[in-house]
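If you're matching positions, the sequence shown starts at 5 in the working numbering and goes up one per residue.
In this text, a Cβ means the ideal position worked out from N, Cα and C, and glycines have one as well.
Here is the structure we will look at, set down as structure tokens.
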Amino acid sequence: MAEGAKWYVVHTYSGYEKAVKTSIEKFVVGRNMQDMILRIEIPEETVTEINEAGVSKEVARKVFPGYVLLKMIMTDETWHLVRNVRGVTGFVGSANKAIPLTEEEVLAMGMEKHEIVVKYKVGDHVRITDGPLASFTGVVEEIEPEKNRVSVMVSMFGRETPVDLELDQVEVQD
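Shown next, in the form of structure tokens:
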């Protein structure tokens, strides 16, 4: 049933994010709706603050104060459950229509990551599968999984040219 789940943004009173998250979690368990509301997140980042005395400490800070993100299947029942939680002012969207986040927005926020399995290594011959150089072949020079980048040396017009691509834009050549 979770295939239809999308990420939605819920607006809350400022400072009520954790209370809203806790309340929704209790309602979900109490009404046995774990298959409808899958994840509840308050995006946070860790920052280093330095006080007047020069002492630094790591602090978790909300990325979007006043907002909670929910991965859920939108139905009348789930909408009412979330909308009637104390501290919730509404879903982000137009009027009574909650608008889900796009896949690009979800990935940009780091809420979900597409895991790319790299089946090639430095020195392998690969074929470019996407972009303006699709169907060109080359040799893998460097792989940077943390940056989602691969550098491929491609022969174009008799010259070797390095090309930076995303990891999923190339495949091992048969």
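The beta-bridge partner set that DSSP reports for S98 consists of K101. A64 has T50 as its beta-bridge partners, per DSSP. Straight through space, the alpha carbons of W83 and A138 are spaced by roughly 44 angstroms.
DSSP, read as helix, strand or coil, puts D178 in coil.
Here S27 is buried, its C-beta having at least 16 other C-beta atoms within 10 Å.
Bounds of the alpha helix (DSSP H) holding S27 are E21 to G34. No Cβ-Cβ contact shorter than 8 angstroms links E107 with L73.
DSSP lists V158 as the bridge partner or partners of T165. Among the bridge pairs identified by DSSP, H129 is matched with V143.
Assignment of beta-bridge partners to V59 by DSSP yields no partner. In this structure, F68 lies away from Y12, with their beta-carbon atoms at least 8 angstroms apart. Remark: C-beta atoms of T133 and V158 do not approach each other more closely than 8 angstroms. When DSSP states are grouped into helix, strand and coil, V92 belongs to the strand group.
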